[in-house]
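**Q**
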Amino acid sequence: MCLAVPGRVMEIEERDGTRMAVVDFGGVVKDVCLEYLPDLAVGEYAIVHVGFALQRLDEESALKTLELFAELGLLQEEFGDPLEVER
Amino acid sequence: MRYLAEFQNPELARGLLDDIRAAVTRPWALMEVCGGQTHTIIRHGIDQLLPEGIELIHGPGCPVCVTPLEIIDKALEIASRPGVIFCSFGDMLRVPGTGRDLFRVRGEGGDVRVVYSPLDALRIAIDNPDREVVFFGIGFETTAPPNAMAVHQARKLGIRNFSVLVSHVRVPPAIEAVMSSPDCRVQGFLAAGHVCSVMGTEEYPALAARHRVPIVVTGFEPLDILEGVRRTVRQLERGEHTVDNAYPRAVRPEGNPAARAMLADVFEVTDRSWRGIGVIPLSGWRLSERYRDLDAEHRFEVGGITTREPAECRSGEVLQGLLKPNECGAFGTVCTPRTPLGATMVSSEGACAAYYLYRRLGSPAAPLEANPVG
Ligand code: SF4
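Those protein sequence lines, which keep their order, are chains A and B.
Residues in the first sequence are numbered from 1 upward in steps of one, following the UniProt record's numbering.
Residues in the second sequence are numbered from 1 upward in steps of one, following the UniProt record's numbering.
Next up, the structure:
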């Protein structure tokens, strides 16, 4: 139950005084409460847990992290077998 | 799906593994705190891909697993009462209490309902004004803000037939307890990413300094885990012990301020007993004085129930990283997900369940790219 998964905001509406969104999780669609991320906008991604958006997923740092990973792979290729690289 | 599939890329995983291999000069023992991370690790065989000598010790971060037997028994008692609708996350239904579980209570006529969100429980209370609706509010810092919101909304809307059986736990005191144990072998921590999405990272520098352990905030996809390991090992090899964030796409240093403000209003810190481990000082939350009237323990007067753990289940050792699940004598024979002796075999985040699902009879690890979405 503690698993939190990224989802994409499709629609936002006010329901009984509460800010709610329809969020798409790769095909599965659920209602999600936005009270903890009131400025989340349609099209943005967020980490969702038990029906609540808890943190916005930052596209820029996601891409940066992936770039770093890619760089690691490239550097290793340049050095050849990392086990043989002298430290 | 964006941000999910990308972080399972086998090519990139190889690069990370190579980098870890190149950095390691001696054995290190790291603990992944969160049960969700344990599942990623066992499912993809990440522990077996890592260079020899890098051991991953599975931590106590499964909320279902550490909810004390005493609270389960209180839940069973309340759920059995006529007029009560007892709402819970699905994982809790098969967790054994003394002699039975919530599933059994339902079979015996109790109105036990599974909800996805605590707001669903509140909705049930609004729709059933003549019934007492009780929500089982368990979980770590990630789950506490949603539960706090249900409590806050109940107060705001004046819903009087709603209450919560609260058993929240906090990660930093658990890290403190692990490090203070005389048997502790842990040299570095992969901290639970989504806990930090809410709480930020402020609580960790003092812990890292006091125990001289690196604490690296880590996500849940295979590449996130590898990056957490890579950064922790790099610190260990350099003799450093600082807090680092390997999951910046979902964790800011300040966490989620709105959620933290709600937590501070609805809950207060308390000592909490962890199933199989015992009392950890200041490791939990209970409802604050202002919201005490929404506390199911008070409303149903079950404060007096106390119980003792069964001896045959060794989940306490599993949760403290002292024993691997498959080293327990009951694992896979007497104890299976259908007939669990301990909560660690029930929960989708429990270490025993992870081993049962992915590492029984030499079942092969899932290839990195085959993770289902969501
Ligand atoms: S395998 Fe079953 S009995 Fe053994 S520690 Fe895990 S839950 Fe307890």
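All residues carry an ideal CB built from backbone N, CA and C; glycine is no exception.
#1: Is the beta carbon of GLU312/B within less than 8 Å of some heavy atom of ligand 1?
#2: Along the beta strand (DSSP E) that carries GLY61/B, what are the first and last residues, could you check?
#3: Have a look at MET20/A and GLU289/B and give me their C-alpha separation to the nearest angstrom.
#4: Helix, strand or coil for ALA250/B, going by three-state DSSP, please let me know.
#5: Quick check: is any heavy atom of ligand 1 less than 8 Å from the C-beta of VAL334/B?
#6: If you drop the 5 nearest sequence neighbours on each side, which residues of the same chain put their C-beta closer than 8 Å to that of VAL269/B?
#7: Which class does PHE220/B belong to by DSSP, given the choice of helix, strand or coil?
#8: For SER88/B, name the three-state secondary structure that DSSP assigns.
#9: Looking at the unbroken alpha helix (DSSP H) that takes in ALA13/B, where does it start and where does it end?
#10: Hey, GLY110/B and SER197/B: beta-carbon distance below 9 Å or not?
#11: Is DSSP giving ALA259/B helix, strand or coil here?
#12: Any C-beta of chain A within less than 7 Å: which residues of the segment 176-189 of chain B qualify?
#13: Is THR344/B near ligand 1, with its Cβ less than 8 Å from a heavy atom?
#14: Touching or not, the segment 135-153 of chain B and the segment 40-47 of chain B, by the rule of three or more beta carbon pairs under 8 Å?
#15: Using a Cβ-Cβ cut-off of 9 Å, state whether ALA370/B counts as contacting chain A.
#16: Heavy atom of ligand 1 less than 8 Å from the Cβ of GLY329/B, yes or no?
#17: Of all the residues that make up the segment 235-256 of chain B, which are near chain A by a beta-carbon distance shorter than 9 Å?
#18: If contacts are defined as beta-carbon pairs under 8 Å, then PHE220/B and GLN8/B qualify, I think. What distance do you get, rounded to the angstrom?
#19: Provide the residue(s) that pair with TYR45/A in DSSP beta bridges, ordered along the chain.
#20: Determine the direct distance from the alpha carbon of HIS49/A to that of ARG8/A, and round the result to whole angstroms.
#21: With DSSP collapsed to three states, give me the class of GLU77/B.
#22: What is the residue span of the beta strand (DSSP E) that residue 95/A lies within?
#23: Please classify LEU3/A: does DSSP put it in a helix, a strand, or coil?
#24: Between the segment 245-261 of chain B and the segment 188-203 of chain B, can you find at least three pairs of beta-carbon atoms closer than 8 Å?
#25: Where does the unbroken beta strand (DSSP E) through THR40/B begin, and where does it stop?
#26: Between ALA70/A, ILE47/A, LYS30/A, GLU67/A, which lies nearest to ALA4/A when the distance is taken from Cα to Cα?
#27: For ARG210/B, which beta-bridge partners are listed by DSSP?
#28: In chain order, what are the residue ranges of uninterrupted alpha helix (DSSP H) at least 4 long that sit wholly in the segment 315-350 of chain B?
#29: Within 9 Å (strictly less), CB to CB, does ALA21/A reach chain B?
#30: How long is the line joining the alpha carbons of VAL115/B and PHE267/B, rounded to whole angstroms?
#31: With 16 other CB atoms within 10 Å as the buried threshold, where does HIS298/B fall?
#32: Would you kindly report the start and end of the unbroken beta strand (DSSP E) that includes GLY284/B?
#33: Terminal residues of the continuous beta strand (DSSP E) containing PHE300/B?
#34: Go through its chain and collect everything with a Cβ distance to ALA208/B's Cβ below 8 Å, but skip five positions before and after it.
#35: Give me the residue from LEU69/B, GLY83/B, PRO82/B, GLU108/B with the minimum Cα distance to MET92/B.
**A** Based on what the coordinates show:
#1: Working through the second sequence from its first residue, we reach residue 312/B at position 312. Using a cutoff of 8 Å, the CB of GLU312/B counts as near ligand 1, since one of the ligand's heavy atoms is closer than that.
#2: Residue numbering aside, residue 61/B sits at position 61 when the second sequence is read from its first letter. Residues 54-61.
#3: Taking the first residue of the first sequence as position 1, residue 20/A is located at position 20. Taking the first residue of the second sequence as position 1, residue 289/B is located at position 289. Near 29 Å, if we compare the C-alpha coordinates of GLU289/B and MET20/A.
#4: Within the second sequence, numbered from 1, the residue matching residue 250/B stands at position 250. When DSSP states are grouped into helix, strand and coil, ALA250/B belongs to the coil group.
#5: Here residue 334/B refers to the residue found at position 334 when the second sequence is read from its first residue. When distances are taken from the beta-carbon of VAL334/B to the heavy atoms of ligand 1, the shortest one is below 8 Å.
#6: As a position in the second sequence, residue 269/B is number 269, starting the count at 1. Cβ within range, chain order: ARG170, LEU282, GLY284, TRP285.
#7: In the second sequence, residue 220/B corresponds to position 220, counting from 1. Judged by DSSP in its simplified three-state form, PHE220/B adopts coil rather than helix or strand.
#8: Reading the second sequence from its first residue, position 88 is the one you call residue 88/B. Residue state, collapsed to three classes: strand.
#9: Residue mapping note: residue 13/B aligns to position 13 of the second sequence, counting from 1. Start and end: 10-23.
#10: Position 110 of the second sequence, counting from 1, holds the residue named residue 110/B. Position 197 of the second sequence, counting from 1, holds the residue named residue 197/B. For GLY110/B and SER197/B, no; Cβs fall outside 9 Å.
#11: Counting from 1 along the second sequence, the entry for residue 259/B is found at position 259. Three-state result, ALA259/B: helix.
#12: Of all residues in the segment 176-189 of chain B, none places a beta-carbon less than 7 Å from a beta-carbon of chain A.
#13: The residue given as residue 344/B occupies position 344 in the second sequence. The answer is yes for THR344/B.
#14: Remark: fewer than three beta-carbon pairs, one from each stretch, lie closer than 8 Å, so the segment 135-153 of chain B and the segment 40-47 of chain B are not flagged as touching.
#15: Stepping through the second sequence from its first residue, residue 370/B is reached at position 370. Note on ALA370/B: pLDDT 39, under 50, position unreliable in the model; the coordinate value appears next. By this cut-off, ALA370/B is not an interface position.
#16: As a working mapping, residue 329/B is identified with position 329 in the second sequence. Indeed, a heavy atom of ligand 1 lies less than 8 Å from the Cβ.
#17: Here the close residues are ALA246, TYR247, PRO248, ARG249, ALA250, VAL251, ARG252, GLY255, ASN256.
#18: The residue labelled residue 220/B in the question sits at position 220 within the second sequence. The residue labelled residue 8/B in the question sits at position 8 within the second sequence. Contact between PHE220/B and GLN8/B fails: their C-beta atoms lie close to 11 Å from each other, not under 8 Å.
#19: Looking up residue 45/A in the first sequence gives position 45. Residue pairing by DSSP places TYR45/A opposite ARG8/A in a beta bridge.
#20: Locating residue 8/A in the first sequence gives position 8, where the first residue counts as 1. Locating residue 49/A in the first sequence gives position 49, where the first residue counts as 1. Per the coordinates, the alpha-carbon of ARG8/A lies some 13 Å from the alpha-carbon of HIS49/A.
#21: By 1-based counting over the second sequence, the position of residue 77/B is 77. GLU77/B falls in the helix class under three-state DSSP.
#22: This structure cannot settle anything about residue 95/A, because the visible part of chain A is limited to 1 through 87.
#23: Translated into the one-based positions of the first sequence, residue 3/A becomes position 3. DSSP places LEU3/A in coil when its eight states are reduced to three.
#24: Judged by Cβ distances under 8 Å, the segment 188-203 of chain B makes contact with the segment 245-261 of chain B, as three or more pairs qualify.
#25: Within the second sequence, residue 40/B is the residue found at index 40, counting from 1. Counting along the chain, THR40/B falls outside any beta strand (DSSP E), though it belongs to the alpha helix (DSSP H) covering 35-43.
#26: Sequence index remark: in the first sequence, residue 4/A carries index 4 (1-based). Looking from the CA of ALA4/A, the closest CA among ALA70/A, ILE47/A, LYS30/A, GLU67/A belongs to ILE47/A.
#27: The residue given as residue 210/B occupies position 210 in the second sequence. Among the bridge pairs identified by DSSP, ARG210/B is matched with none.
#28: Every unbroken stretch of the alpha helix (DSSP H) spanning 4 or more residues and falling wholly within the segment 315-350 of chain B is given here in chain order: 315-319.
#29: For this step, residue 21/A is matched to residue 21 along the first sequence. Interface annotation, ALA21/A: not in contact with chain B, CB-CB separation never under 9 Å.
#30: On the second sequence, residue 115/B is found 115 positions in, with the first residue counted as 1. On the second sequence, residue 267/B is found 267 positions in, with the first residue counted as 1. About 22 Å.
#31: Locating residue 298/B in the second sequence gives position 298, counting from the first residue. With fewer than 16 Cβ atoms within 10 Å of its Cβ, HIS298/B is classed as exposed.
#32: Taking the first residue of the second sequence as 1, we reach residue 284/B at position 284. Counting along the chain, the beta strand (DSSP E) containing GLY284/B begins and ends at 278-287.
#33: As a first step, residue 300/B must be located in the second sequence, where it is residue number 300. Taken as a continuous stretch (DSSP letters only), PHE300/B belongs to no beta strand (DSSP E), as it is neither H nor E.
#34: Here residue 208/B corresponds to residue number 208 of the second sequence, with the count starting at 1. The residues PRO214, ILE215, HIS241, THR242, VAL243, in chain order, have a CB closer than 8 Å to that of ALA208/B in the same chain once the five nearest residues on each side in sequence are set aside.
#35: Counting from one through the second sequence, the residue named residue 92/B turns up at place 92. Distance from the Cα of MET92/B is smallest, within the candidate group LEU69/B, GLY83/B, PRO82/B, GLU108/B, for LEU69/B.
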